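Chemist: Quick one: this structure, given as structure tokens, is what I'll be asking you about.
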Amino acid sequence: MSLLSILGVLSSAIFSGTSLLYSTLGETIHQRSGIVNLGLEGVMLISASSGFAFTALTGRPYLGVLVAAIAGGIVNLIFGYLVINRKANQLASGLALMFFGFGASALIGKSSVGMKIYPLPRLSLPWIANLDVLYSSLFKFDLLIYLAIPAAFCVWWLLFKTRWGLGLRAVGENADAAYASGRNPMRIRFQALLLGGMLAGLGAAHLSIAYTMSWSEHMTAGRGFIAVALVIFSKWHPLRAIGGALLFSGAVAFQLLLQSSGVKVSPFLLDTIPYILTLLILIIWGGTRKNAAPAGLGRVYYGGQK
Amino acid sequence: MFRKNKILLILTTLILVVSMLAACQAAPEPTEEPVTEEPETEEPVETEETEETEEAEVEEPETEVVEEETEEGPCLIIGALHGGPINDAGYNQAMHESVMKIKENIPCVEIIEAENVPEEAGATTTMQNMIDQGAKMIIATAFNHQYPALELASQYPDVVFEHAGGWEMSQNFANFFGEPPETWYIMGTAAGLMTETNKVGFVAAFPLGWTNTFINAFTLGAQSVNPDIETIVAFTFDWADSAKEADTTNSLINQGADIITMHVDSPSTVISTAEERGVYSIGFQSNAAQQFAPENWISGIGYTLGDTLTWLASSVMDGTWEPIFLRCGIGDGCMEMAPFGPNVPQDVQDQVLQVKDEVEAGDIVVFEGPIFAQDGTVVVPEGEVLSTEVMGSVDWFVQGVTGSPK
């Protein structure tokens, strides 16, 4: 194992962790407002396919990212109509949204399968550009990667340092009490869903437009669910989500390194390392009163008409 | 309080289930990989015969075309179904283009095509539908299509079924396919001549018999021109998880590989990623892969079964069709080498083309003993040749491969 391969694990963790981080942040926001969206996988697929299709058609990756974010926001608003206005069960609606996403994304992305796009440009920092190309290409990131950690801080600031964030968390804990103190739980939940969907859309855009430079059906391959798991893992805190996303994708990169360095362990077993690690950490951390889930998570808010 | 716990419980359970599912996706379901196993049931002698007759008969339908076109309706309706999208720049695109070649060669045929039919149940209804529309020939190109097609073949004795890469046979069910191992050997020599680090990366989906055979053939080819070569292998455990493919490609490059090749459904992510990192790449499945590496492309191999399928279709039309276990290689035009990239020096090109000629002429036999496995045991003794029957169940890597084959 050389220096290059160890730095490579770090680089891979950053590259593939970015899409996870954005979607985890998105899910954190609306879970904080009391809404579980298990359909994140579907939201990501629709964003990834529409962003990719737009980029393939117009050749403008940055606009493609924007389209993906908007698509994510819109899909989440549809979900919001179901669970907020129609008061449907969140878990069931989320799963339905996921299957909707499978079909809709396949339709949107159909004509752009196998297309070559101009991906999101990778920009080099000055002192890294001077290194050997093998090393410099490790840390030549696109704009979405540079913005990922600032985005996490931004979400943290929004949730914990602003009045809007206070209201949002209040709605997530107890919507009736928040209503009594003059907040509009329905509006806040819609806002949370819109913002969360757009963040998930950014994550999906990074996956299709920047990292893999391709679209294929089911390309998120469970990353939407991993993001939901990471929300619990990071105990509904946006800054801990950074660690969670890096740890998970770092584990994926690490097991690939083990596979290709000739370790005499079955690759089938090595491939499960990231998932086992996630399970172990969830088990070890357990739940504490201080870091518990928002009390109103998954609850339907009936408004005045009880 | 109780409610909250319940919701959390449900949520955690769901996530556990999903993570388990994700982790356990090891069950290889090669929707588009008909090459997974294929114990040959017939002697290769048969194959030779077909090739000769092919040359003679392929021209024939074209004279018929003129007569048929004046008549109302198509002269033959062909139903073709694929496991994935036909524009994937990979296996499905190669198969789609082969099927379309029939239409090009025999304009009076009508082709009904269905894509994204990965499952057995879907395949049955799709083929049933095609037969209801008057199809007299069915071409099924995905691994999972074999048994549904065989089942329908017994129900419709007047419809001819051809499956890509299968092994079952009946009186109206047969199969056809290219022979990739020898072409992998040729690609190996190209890699062996081009590498500077003596490390070549191979991104594979699953450690299946045929994939292992490809990796071995590739490595043997590379070793024939460069004995110090090391092939590093890593598996993604999915035929089409492009993010994992990007992770894997990067991981292999970080291990020092300066050439990347792959055996997954679509070459697009692997080859784009290699190009982005400034590393050479070699394509497989469809030669459309070259578009993803304008700079650092070495070469590639794709399936080009158009003429073979044309010949099969024409034999269905004139009633001379017979079930044959058909395998044809690069010399028969069933596989094709992609053009070299702009950075491949002329002397390397010449050397690779010479190896190609020798393979086509049969002077090079890829799996000729003695061949040693990673741990040094003899897997093919001196004087023997690895038979095609066992290539589909190879669970060893040759010396010089880093990675675990099972």
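For the record, the sequence lines run as chains L and R.
Residue numbers for the first sequence, in the working numbering: 19 to 324.
Residue numbers for the second sequence, in the working numbering: 10 to 415.
The C-beta atom is built at its ideal place from N, Cα and C for all residues, glycine as well.
Note that this is a predicted model, so its numbers are computed, not measured.
1. So that I know if they touch, is there some Cβ in chain R lying closer than 9 angstroms to that of MET237/L?
2. Going by other Cβ atoms of all chains shown within 10 Å of its Cβ, with 16 needed for buried, is ALA188/L buried or exposed?
3. If you reduce the DSSP assignment to three classes, tell me which class GLU69/R lands in.
4. Mapping DSSP to helix, strand and coil, what is TYR312/R?
5. Should the segment 201 to 210 of chain R be regarded as contacting the segment 177 to 188 of chain R, the criterion being three or more beta carbon pairs within less than 8 angstroms?
6. Apart from the five residues on each side of it in sequence, which residues of its chain come closer than 6 angstroms, Cβ to Cβ, to LEU220/L?
7. Taking only beta carbons into account, state which residues of the segment 270 to 288 of chain L come closer than 8 angstroms to chain R, listed in chain order.
8. Return yes when the Cβ of ASN55/L is within less than 9 angstroms of the Cβ of GLY183/L, no when it is not.
9. Of all the options GLY82/L, HIS255/L and LEU81/L, which has the alpha carbon lying nearest to the alpha carbon of CYS172/L?
10. Under 9 angstroms, Cβ to Cβ, is there at least one residue of chain R near ALA89/L?
11. Reducing DSSP to helix, strand and coil, say where THR134/R ends up.
12. Taking the alpha helix (DSSP H) that LYS179/L falls in, what are its first and last residues?
13. Tell me whether LYS128/L sits in a helix, a strand or coil according to DSSP, three-state version.
14. Terminal residues of the continuous alpha helix (DSSP H) containing LEU85/R?
15. Taking VAL242/R as the query, report the chain L residues whose CB atoms sit under 7 angstroms from its CB, ordered along the chain.
16. Can you find a CB in chain R that lies within less than 9 angstroms of the CB of LYS324/L?
17. Which of the three DSSP states is assigned to ARG317/L in this structure?
18. If you count every other CB in all the chains shown that lies within 10 Å of the CB of GLY401/R, and 16 or more means buried, which is it?
19. Can you say whether PHE117/L is buried or exposed, counting buried as having 16 or more other CB atoms within 10 angstroms of its CB?
20. Answer with yes or no whether the minimum CB distance from MET216/L to chain R is below 9 angstroms.
21. Would the beta-carbon of GLY91/L fall within 9 angstroms of that of LEU177/L?
22. Fully enclosed by the segment 124 to 198 of chain R, which alpha helix (DSSP H) runs are 4 residues long or longer?
23. Among PRO276/R, ASP366/R, SER323/R and GLU129/R, which has the Cα closest to the Cα of GLN294/R?
24. For the alpha helix (DSSP H) containing PHE286/L, list its first residue and its last residue.
25. Determine the DSSP secondary structure at LEU335/R, reduced to helix, strand or coil.
26. Any residues in the segment 241 to 263 of chain R with a beta carbon nearer than 9 angstroms to a beta carbon of chain L? Which ones, in chain order?
27. Following the continuous beta strand (DSSP E) through LYS134/L, name the residue where it begins and the one where it ends.
28. Quick one: does GLU285/R have its CB under 9 angstroms from some CB of chain L?
29. Threshold first: 4 residues or longer. Then list the alpha helix (DSSP H) segments lying entirely within the segment 343 to 408 of chain R, N to C.
30. Alpha carbon to alpha carbon, how far is TYR99/L from GLY99/R?
31. Nearest by alpha-carbon distance to GLU191/L: which of GLY35/L, SER51/L and PHE286/L is it?
32. Is any beta-carbon of chain R found at less than 9 angstroms from that of ARG205/L?
33. For ASP250/R, verify whether its CB is less than 8 angstroms away from any heavy atom of the ligand NAP.
34. Our contact map puts ILE167/L next to ILE260/L with C-beta atoms below 8 angstroms; I'd like the distance itself, whole angstroms only.
35. Based on the DSSP secondary-structure assignment, which residues constitute the bridge partners of ALA243/R?
36. Closer than 9 angstroms, Cβ to any Cβ of chain R: which residues of the segment 21 to 50 of chain L, in chain order?
Modeler: Inspection of the coordinates gives the following:
1. Closer than 9 angstroms to some Cβ of chain R, the Cβ of MET237/L qualifies, so yes.
2. Its Cβ being crowded by 16 or more others within 10 Å, ALA188/L is buried.
3. Any answer about GLU69/R is weak, because its pLDDT of 40 lies below 50 and its placement is not dependable; what the coordinates show is given next. Looking at GLU69/R - three-state DSSP - the assignment turns out to be helix.
4. TYR312/R: strand per DSSP, three-state reduction.
5. No contact exists between the segment 201 to 210 of chain R and the segment 177 to 188 of chain R.
6. Same-chain partners within the cutoff: TYR40 and ALA87.
7. Those residues of the segment 270 to 288 of chain L that come within reach of chain R (Cβ to Cβ, closer than 8 angstroms) are VAL270, ALA271, LEU274, LEU275, GLN277, SER278, SER279, GLY280, VAL281, LYS282, VAL283, SER284, PRO285 and PHE286.
8. No.
9. Comparing Cα positions, the closest option is HIS255/L.
10. Chain R contact via Cβ: absent.
11. In the structure shown, THR134/R falls within a helical segment according to DSSP collapsed to helix, strand and coil.
12. Per DSSP, LYS179/L is one residue of the alpha helix (DSSP H) stretching across 161 to 179.
13. Helix.
14. Run containing LEU85/R: none in the alpha helix (DSSP H); it sits in the beta strand (DSSP E), 85 to 90.
15. Neighbours of VAL242/R on chain L, chain order: SER278.
16. At LYS324/L, the pLDDT of 45 sits below 50, so the modelled position is not reliable; the number obtained from the coordinates is stated separately. False, the Cβ-Cβ gap to chain R never drops below 9 angstroms.
17. Under the three-state reduction of DSSP output, ARG317/L falls in the coil class, being neither helix nor strand.
18. With 16 or more Cβ atoms within 10 Å of its Cβ, GLY401/R is classed as buried.
19. With fewer than 16 Cβ atoms within 10 Å of its Cβ, PHE117/L is classed as exposed.
20. MET216/L does not count as touching chain R.
21. GLY91/L places its beta carbon 9 angstroms or farther from that of LEU177/L.
22. Fully enclosed alpha helix (DSSP H) runs of no fewer than 4 residues occupy 129 to 141 and 155 to 164 of the segment 124 to 198 of chain R, in order along the chain.
23. Of PRO276/R, ASP366/R, SER323/R and GLU129/R, the residue nearest in Cα terms is PRO276/R.
24. It spans 285 to 288 - the alpha helix (DSSP H) in which PHE286/L sits, taken as one unbroken run.
25. Note: LEU335/R maps to strand in three-state DSSP.
26. Under the 9 angstroms Cβ criterion, the segment 241 to 263 of chain R contributes ILE241, VAL242, ALA243, PHE244, THR245, PHE246, ASP247, ALA249, ASP250, SER251, ALA252, LYS253, GLU254, ALA255, ASP256, THR257, ASN259, SER260, LEU261, ILE262 and ASN263.
27. For LYS134/L, no beta strand (DSSP E) encloses it, and the DSSP letter there is neither H nor E.
28. Flagged as an interface residue toward chain L: GLU285/R, by a C-beta distance shorter than 9 angstroms.
29. You should have 355 to 370 and 397 to 400.
30. C-alpha of TYR99/L to C-alpha of GLY99/R: approximately 40 angstroms in a straight line.
31. Of the listed residues, the one whose Cα sits closest to GLU191/L is SER51/L.
32. No - not a single Cβ of chain R is within 9 angstroms of the one on ARG205/L.
33. The model on display carries no ligand, and the ligand NAP is accordingly not part of it.
34. Yes, they are in contact, since the Cβ atoms of ILE167/L and ILE260/L sit about 6 angstroms apart, within 8 angstroms.
35. For ALA243/R, the pairing in a beta bridge is given by DSSP as VAL212/R.
36. For the segment 21 to 50 of chain L, which is checked against every Cβ of chain R, the residues closer than 9 angstroms are LEU22, SER23, ILE24, LEU25, GLY26, VAL27, SER29, SER30, PHE33, SER34 and SER37.
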